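As numbered in UniProt numbering, residues 1 to 276 make up the sequence shown, in order. Ideal Cβ placement from N, Cα and C applies to all residues, glycine included. Keep in mind the model is a prediction, meaning the values are calculated, not measured. Inspection log for the structure reproduced underneath, given as structure tokens.
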Amino acid sequence: VIPTPLVALASTFPPYVCVMRAQLVLAVFLLDAVVRIGAPTAPADLAALKDFYHSTNGTKWREGFTWQTGIDSNLDPCDNLEYYKGVTCNKNGGDPDRQVTQIWLSAMSLEGTLPPNFGDMTAMQQLFLTYNNISGTIPETMCNISSLLYLELSQNKLSGTIPNCISKLSKLQKWDTRNNMLTGTIPASFGQLSELQGLYLSSNRLSGTVPKELFDAKRVEVLILSYNELEGTVPKIFSRYKIKETASMQGLSWMDLRSNDLQGTYPDMMALLASV
Numbered sequence: 001v002i003p004t005p006l007v008a009l010a011s012t013f014p015p016y017v018c019v020m021r022a023q024l025v026l027a028v029f030l031l032d033a034v035v036r037i038g039a040p041t042a043p044a045d046l047a048a049l050k051d052f053y054h055s056t057n058g059t060k061w062r063e064g065f066t067w068q069t070g071i072d073s074n075l076d077p078c079d080n081l082e083y084y085k086g087v088t089c090n091k092n093g094g095d096p097d098r099q100v101t102q103i104w105l106s107a108m109s110l111e112g113t114l115p116p117n118f119g120d121m122t123a124m125q126q127l128f129l130t131y132n133n134i135s136g137t138i139p140e141t142m143c144n145i146s147s148l149l150y151l152e153l154s155q156n157k158l159s160g161t162i163p164n165c166i167s168k169l170s171k172l173q174k175w176d177t178r179n180n181m182l183t184g185t186i187p188a189s190f191g192q193l194s195e196l197q198g199l200y201l202s203s204n205r206l207s208g209t210v211p212k213e214l215f216d217a218k219r220v221e222v223l224i225l226s227y228n229e230l231e232g233t234v235p236k237i238f239s240r241y242k243i244k245e246t247a248s249m250q251g252l253s254w255m256d257l258r259s260n261d262l263q264g265t266y267p268d269m270m271a272l273l274a275s276v
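Structure follows, in structure tokens:
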């Protein structure tokens with residue numbers, strides 16, 4: 001109920017004044033909504049998305065026409081996600097810009113390479129680019145995505161080595177680069193990833209020995225290194241699985257080292273591990 005004095009006061013203003021005031025209040029409200037909700041994509045993320053599209057031959061993507069429309073029309077990605085299929089952005093949260101948090105473009109006929117500035121999307125948490133034809137190397141800048149939880153690049157044509165800087169991915173839970181053409185050795189720095197639960201490196205051309213440091217990753221549940229060119233002896237640290245409760249990799253449920261040139265035998269108690 002509007003107090004009687006206010007009703008009397010409002011009646012003293014001409015109708016057009018009241019309408020103008022109402023329009024002004026509405027305009028201020030809408031402007032505030034744009035500032036809070038329609039914040040633009042961070043410049044580094046915007047540049048990385050565009051370079052990613054072009055370097056992977058976006059015009060040939062399956063259903064990539066919407067990206068082309070968005071880019072040609074200069075539509076901001078985080079404000080127009082319907083044009084950027086597979087992209088998710090964070091909410092504004094008071095920050096001046098929004099950032100990409102997920103890219104999911106599996107089986108979309110991507111080909112070409114990942115651009116050097118791909119790692120500039122530093123707020124990304126999930127990256128799914130499986131079952132494509134992406135070639136070239138994994139950019140060193142990928143290590144700049146310290147918020148990354150899931151990296152899934154299996155079933156592509158990636159070559160070169162795995163960056164040694166992966167220890168910077170402190171929140172990483174899953175690394176999956178199966179079925180590529182990666183070479184070189186397995187970085188010992190995987191063992192520094194305290195949140196890592198799954199390491200999938202099978203069906204590449206990785207060589208050298210299995211670094212014993214891998215078993216310092218205490219939360220690993222799945223370790224798949226099969227179908228590579230690994231050699232040497234099975235690390236002695238495997239013997240720690242005789243007492244699972246004190247094993248370096250507590251909760252290990254699946255390990256596959258077949259089709260390598262590894263020597264030695266598995267500890268007898270390995271058979272007690274479920275699914276190994």
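Three-state secondary structure assigned by DSSP to residue i
| i | result |
| --- | --- |
| residue 302 | Because the chain here runs from 1 to 276, residue 302 falls outside it and cannot be looked at. |
| D79 | helix |
| D97 | coil |
| G232 | strand |
| Q263 | strand |
| S253 | coil |
| L114 | coil |
| L46 | helix |
| Q197 | coil |
| T88 | strand |
| Q23 | Summary for Q23: the model assigns pLDDT 47, below 50, so the residue's position carries little reliability, and this model does not support an answer. |
| M122 | What sits at residue 122 in the sequence shown is Thr, not Met. Coil. |
| T66 | helix |
| L214 | helix |
| residue 280 | There is simply no residue 280 to check, as the chain begins at 1 and stops at 276 in what is shown. |
| K242 | The predicted model places K242 with a pLDDT of 34, which falls under 50 and marks its position as unreliable; any figure quoted below should be read in that light. Three-state result, K242: helix. |
Beta-carbon gap between residue i and residue j smaller than 8 Å
| i | j | result |
| --- | --- | --- |
| L127 | L110 | no |
| I138 | P115 | no |
| L230 | N260 | yes |
| S159 | G184 | no |
| K171 | S203 | no |
| I224 | F190 | no |
| residue 322 | Q125 | Since the first residue shown for the chain is 1 and the last is 276, residue 322 is missing from the structure and cannot be characterised. |
| A48 | N117 | yes |
| L149 | T130 | no |
| I103 | G119 | no |
| T41 | D76 | yes |
| V234 | L196 | no |
| K174 | G198 | yes |
Exposure label - residue i; buried when at least 16 CB within 10 Å
| i | result |
| --- | --- |
| M181 | exposed |
| A107 | exposed |
| T59 | exposed |
| G232 | exposed |
| S253 | exposed |
| Q99 | buried |
| Q263 | exposed |
| N228 | buried |
| S194 | exposed |
| G208 | exposed |
| S73 | exposed |
| F65 | exposed |
| P96 | exposed |
| R178 | buried |
| P43 | exposed |
Uninterrupted beta strand (DSSP E) stretches inside the segment 124-186 (no shorter than 3 residues): 126-128, 133-136, 150-152, 157-160 and 174-176
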